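Working notes, beginning with the structure itself.
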Amino acid sequence: MHIDARKMDNDSMIQGDICIIGAGAAGISMALDWMHNAYKVILLEGGGLEYDERIQELYDGKTTGQHYYPLQSARLHYFGGTTGHWAGFCSTFDAIDFKKRDWVPHSGWPIQRSDLDSFYARAHEILELGPYQYDVDYWQKQDPSLISLPVDKSIVWNKVWQFSPPTRFGTKYRDTIINAANIHLYTYANVTDITLQENGNAVKEVTVKNYAGKMHRVKAKIFVLACCSIQNARILLASNKQFPAGVGNQNDLVGRFFMEHLEIKSGELRLEKPFPMKLYDYHFGTKMRAELAISEEQQREHKILNGTLSLTPMTVAKKVVPMIDIWSSKDPRKNSDNLTRDFSTADKEYDPAKDDHGIYELFTRIEQAPNPNSRISLDNDLDALGMTKAMLHWELTPFEKRSIRKIHELLGQQIGKSGIGRVKMMDYLKDENDFSWPDFTGGGWHHMGTTRMSDDPKQGVVNAHCQVHSIDNLFVAGASCYVTAAAPNPTLTLVALTLRLSDYIRGRMRRV
Amino acid sequence: MTAATTAAFYFPNLSCSSKESTFIKNLAQPDKLQHICDAQTIHEIGEAYQHQVKQESNQTTLVQLLRDNGNKSLDESAENAAVVAFLDERVRQDFKTNNTIVVDGWVLSVTEARQCALFSLTEK
Numbered sequence: 060m061h062i063d064a065r066k067m068d069n070d071s072m073i074q075g076d077i078c079i080i081g082a083g084a085a086g087i088s089m090a091l092d093w094m095h096n097a098y099k100v101i102l103l104e105g106g107g108l109e110y111d112e113r114i115q116e117l118y119d120g121k122t123t124g125q126h127y128y129p130l131q132s133a134r135l136h137y138f139g140g141t142t143g144h145w146a147g148f149c150s151t152f153d154a155i156d157f158k159k160r161d162w163v164p165h166s167g168w169p170i171q172r173s174d175l176d177s178f179y180a181r182a183h184e185i186l187e188l189g190p191y192q193y194d195v196d197y198w199q200k201q202d203p204s205l206i207s208l209p210v211d212k213s214i215v216w217n218k219v220w221q222f223s224p225p226t227r228f229g230t231k232y233r234d235t236i237i238n239a240a241n242i243h244l245y246t247y248a249n250v251t252d253i254t255l256q257e258n259g260n261a262v263k264e265v266t267v268k269n270y271a272g273k274m275h276r277v278k279a280k281i282f283v284l285a286c287c288s289i290q291n292a293r294i295l296l297a298s299n300k301q302f303p304a305g306v307g308n309q310n311d312l313v314g315r316f317f318m319e320h321l322e323i324k325s326g327e328l329r330l331e332k333p334f335p336m337k338l339y340d341y342h343f344g345t346k347m348r349a350e351l352a353i354s355e356e357q358q359r360e361h362k363i364l365n366g367t368l369s370l371t372p373m374t375v376a377k378k379v380v381p382m383i384d385i386w387s388s389k390d391p392r393k394n395s396d397n398l399t400r401d402f403s404t405a406d407k408e409y410d411p412a413k414d415d416h417g418i419y420e421l422f423t424r425i426e427q428a429p430n431p432n433s434r435i436s437l438d439n440d441l442d443a444l445g446m447t448k449a450m451l452h453w454e455l456t457p458f459e460k461r462s463i464r465k466i467h468e469l470l471g472q473q474i475g476k477s478g479i480g481r482v483k484m485m486d487y488l489k490d491e492n493d494f495s496w497p498d499f500t501g502g503g504w505h506h507m508g509t510t511r512m513s514d515d516p517k518q519g520v521v522n523a524h525c526q527v528h529s530i531d532n533l534f535v536a537g538a539s540c541y542v543t544a545a546a547p548n549p550t551l552t553l554v555a556l557t558l559r560l561s562d563y564i565r566g567r568m569r570r571v
Numbered sequence: 085m086t087a088a089t090t091a092a093f094y095f096p097n098l099s100c101s102s103k104e105s106t107f108i109k110n111l112a113q114p115d116k117l118q119h120i121c122d123a124q125t126i127h128e129i130g131e132a133y134q135h136q137v138k139q140e141s142n143q144t145t146l147v148q149l150l151r152d153n154g155n156k157s158l159d160e161s162a163e164n165a166a167v168v169a170f171l172d173e174r175v176r177q178d179f180k181t182n183n184t185i186v187v188d189g190w191v192l193s194v195t196e197a198r199q200c201a202l203f204s205l206t207e208k
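Chains as they are written, first to last, in the working numbering: chain A, 60 to 571; chain B, 85 to 208.
Written out as C-alpha cells, the structure reads:
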C-alpha cells in the first residue's frame, strides 16, 4: 500500500506494529522480510518514488576536515535510496574485521563474522548476486582461465568481489512493496523528530513533515532507524527537545566515528611479460573479480589496517578522472552521469591486444581507522522543513597512510619474489614520514559508523542487536552500526546486518 | 676480506683498467628492472638510493657490496653472463629473505637498488 503523506489531512496519526524509517537498501530489505505476515509495517520515506530536487536539498550540509563530496549529492533521497546509482560492488567482511585488534584503537565488534553467514546468504538474493561463494578456488573451478598472480597466499590473497546488476531497489522492489497488504509505504514523510516516553526508555512517536506543510505523527511498537549513517545520526541528535544531547546520546557518541573507505590510486604493478589478468579484470557486466588483500597474520605483524588493491590496465586508469574531482556538484544526477560516462568511455576504448603493456594501476580500498573526531554533528542552519542540518568533519590519521604504504610494500615483496615484475608506489607514499594526502584523495561514498555497536553504552550507541542502549523499542539498521569499516563496499554487509536485526525483532514480537 | 675485494677496494675509480671498467658496468645493470623501466628511471632510483643510504654512496663500496655475497666474490674477469647470474641469484635471495628496500617508491631487492646506485654513478 502506498500513501503520499502530502495528501493526508494535516496532523494525522499513523499507527502500526513496526515503523521503518527510511526506504533505502536497509529499510526496503527489512520491509521485504516482513511482508505477508500479521504485523502492520509502516515504511516511511522522506522522498517520493522518483528523484525530487527539493527533497534532495534536505541532505545539504557543510563539510570540514579532509576534502569531501558535497553532502547533498553523496546520498539519494527517494524510494530506493542510494541504490539508485550504486555500482553494485559486493564482498563480505573478513573475520579479522570483527575482532578486537590491539593495534587498531576502538576496534572489536560484539558479534563475529560467523554471526552474519546465514544473513549474507539471504542478502545475496536481495542484491541479485551469484552464489554465496567468496573463495577464489570456487570461481577458478568454474573458470580455469581465472589465474592467480603467483603470490604467497599466507601474505597476499585473492579476495573475491561479486557484482550486483546493480539492484536498483526503487524500481526492483517498488511494486512488491506497494502490493504487500501489510506494508504501508508513506512517501514524503520526512522524520524530523523522535519523541520519547517521559521516562526516556522508549520511543513514544516520531514526527514527519513534508513540503506540503503537513505534519503527522507515527506510533508503533518498534521503530527502526534506517536512513543512512549521516541521517541516522542527524535525526537522533536533532531530537533534542527532551534531552539536549539528543536521543541515545547520553555518552556523546552519536555521530562520532564517522568512517569512509579511502579509495585512492596508489601505485603501479609492472610486469616483465604479459600475464593473464582476467581474475582481476572489471568491466561493466563483470560478475566477479578478485582484489589483492593482506592476510590477517600480516596485518597483525605489521600493525596495519585492512585494505585491498585492485588492478586496472594503466592505459584505462589514466583516462579516469579522480572521483573527488568528478563528484563535485550538488546534483547527484550530474555527478553520476559524469562518472558513468568517464568509466564507460575508458572501458570501451580499452583494447587488451593494443593497450596491455604490462603496466597496471594499483588502486587502494582501505578501512578508515575508527576515530571519534571524525564525526557528524549538527550545524546551526535549518533545512526547509525546519530541521537542523548535518555537518561532517572527516578526519583521517597517519595510520591509514602508513597502512597503504605497507600494503604496497608487502605486495611488492611478493611480486619481486615471484620474479614477474615490480611494484612502485605513487609519489605521495614515497616518504614514510609524510602524512599529508594528495588532492585526489577520495572516499567511496560509503558512510559508516555514526551509531556504532558495542555491548558497553559508554563505547557504542547500539548493542549487539542494533538496539539503541536504554531505549527499548528503538533500533538502528545500516552501516551506521559498523564498529570498523573493513575493506569491502558496505552494502552487502548492511543488508545482512539488517536481516539479522529483522530476525531478532521478529523473535521479540512473537514473544510479546 | 678476500683478495678480490681488497683489489677492488684499492682501485681508484677514475683510473681503473678497461677490464675493471667493464666489470663495474656489468655490475651496474639491474637485469629485471631493465626490462620494465628505462635508463632514466634506473638512474633516478640510483640517485634516490645514494641519498637514502649515504654510507654506500660511492662506487668502491657499491662494487664491493655487489661482487661479494659473503660466500663468494666475483672476479673482475667474470663474463657478463656470470655477473648477471650471480646478481640475479642475489636478487632472488633478497626477496626470499625480505632483504628489500623502498627507493623512490619502488619496492626493490637491496642488491638491485645498489645496482641502480652504481649505474647512476657510472653513468654520470
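Quick reminder that beta carbons are idealized off the backbone N, C-alpha and C, glycines included.
Since we're looking at a predicted model, the values are computed, not measured.
Under a three-way DSSP split, which group does residue i fall into?
i                    : result
proline 372(A)       : strand
glycine 75(A)        : strand
glutamine 113(B)     : coil
tryptophan 216(A)    : strand
glutamine 148(B)     : helix
threonine 573(A)     : Here chain A covers residues 60 to 571 and nothing more, so residue 573(A) does not appear.
isoleucine 294(A)    : helix
threonine 195(B)     : helix
asparagine 492(A)    : coil
methionine 318(A)    : strand
alanine 123(B)       : helix
isoleucine 530(A)    : coil
methionine 85(B)     : Bear in mind that the predicted position of methionine 85(B) carries a pLDDT of just 31, short of 50, making it too unreliable to give a figure here.
lysine 460(A)        : helix
arginine 329(A)      : strand
arginine 569(A)      : helix
phenylalanine 93(B)  : Reliability fails at phenylalanine 93(B), whose pLDDT of 31 lies under 50, so the model's placement of it is uncertain and the value that follows must be treated cautiously. In this structure, phenylalanine 93(B) counts as helix in the three-state DSSP scheme.
alanine 84(A)        : helix
phenylalanine 170(B) : helix
glutamate 408(A)     : helix
serine 99(B)         : With a pLDDT of 46 at serine 99(B), under the threshold of 50, the modelled position of this residue cannot be trusted; read the value that follows with caution. Three-state result, serine 99(B): helix.
alanine 443(A)       : coil
glycine 502(A)       : strand
glutamate 264(A)     : strand
lysine 203(B)        : The sequence given here places phenylalanine at residue 203(B); lysine does not occur at that position. DSSP places phenylalanine 203(B) in helix when its eight states are reduced to three.
leucine 312(A)       : coil
Let me check one thing: in DSSP terms, what residues is residue i bridge-paired to?
i                 : result
tryptophan 453(A) : Gly124(A)
leucine 351(A)    : Asn217(A) and Leu368(A)
cysteine 149(A)   : Gln221(A)
isoleucine 190(B) : Correcting the residue identity first, residue 190(B) is tryptophan in this sequence and not isoleucine. BP columns for tryptophan 190(B) point to Lys483(A) and Val187(B).
glutamate 426(A)  : His320(A)
leucine 338(A)    : The partner list for leucine 338(A) (beta bridge, DSSP) is empty, contrary to what the question assumes.
isoleucine 281(A) : Ile77(A)
With a CB to CB cut of under 8 Å and the five nearest residues on each side skipped, what residues in its chain are close to residue i?
i                : result
leucine 130(A)   : Tyr118, Asp119, Gly120, Lys121, Thr122, Ile289, Ala449 and Leu451
alanine 91(B)    : The predicted model places alanine 91(B) with a pLDDT of 31, which falls under 50 and marks its position as unreliable, so this point remains unresolved.
aspartate 438(A) : Gly120, Lys121, Thr447, Lys448, Ala449 and Met450
When you compare the CB positions of residue i and residue j, do they come within less than 8 Å of one another, or not?
i                    : j                    : result
isoleucine 242(A)    : leucine 108(A)       : no
alanine 428(A)       : valine 163(A)        : yes
asparagine 299(A)    : leucine 444(A)       : no
valine 542(A)        : threonine 510(A)     : no
serine 132(A)        : aspartate 390(A)     : yes
leucine 370(A)       : tyrosine 419(A)      : yes
isoleucine 353(A)    : isoleucine 466(A)    : yes
glycine 508(A)       : phenylalanine 302(A) : no
aspartate 401(A)     : valine 375(A)        : no
isoleucine 237(A)    : histidine 506(A)     : no
phenylalanine 148(A) : phenylalanine 222(A) : yes
Using a Cβ-Cβ cutoff of less than 6 Å, which residues in the same chain neighbour residue i once the five nearest sequence positions on both sides are dropped?
i                : result
glutamine 171(A) : Phe157
tyrosine 487(A)  : Pro497
valine 195(A)    : Asn217, Val219 and Ala349
Return the chain-ordered list of same chain residues with a C-beta closer than 7 Å to the C-beta of residue i, the five sequence neighbours on each side being excluded.
i                 : result
asparagine 308(A) : Leu295 and Leu296
alanine 523(A)    : Pro169, Ile170, Met512 and Asp514
alanine 405(A)    : Val375, Lys378 and Val379
histidine 135(B)  : none
If contacts are defined as beta-carbon pairs under 8 Å, then residue i and residue j qualify, I think. What distance do you get, rounded to the angstrom?
i               : j                 : result
lysine 324(A)   : methionine 485(A) : 7 Å
arginine 227(A) : threonine 142(A)  : 6 Å
alanine 90(A)   : valine 100(A)     : 6 Å
lysine 483(A)   : arginine 329(A)   : 7 Å
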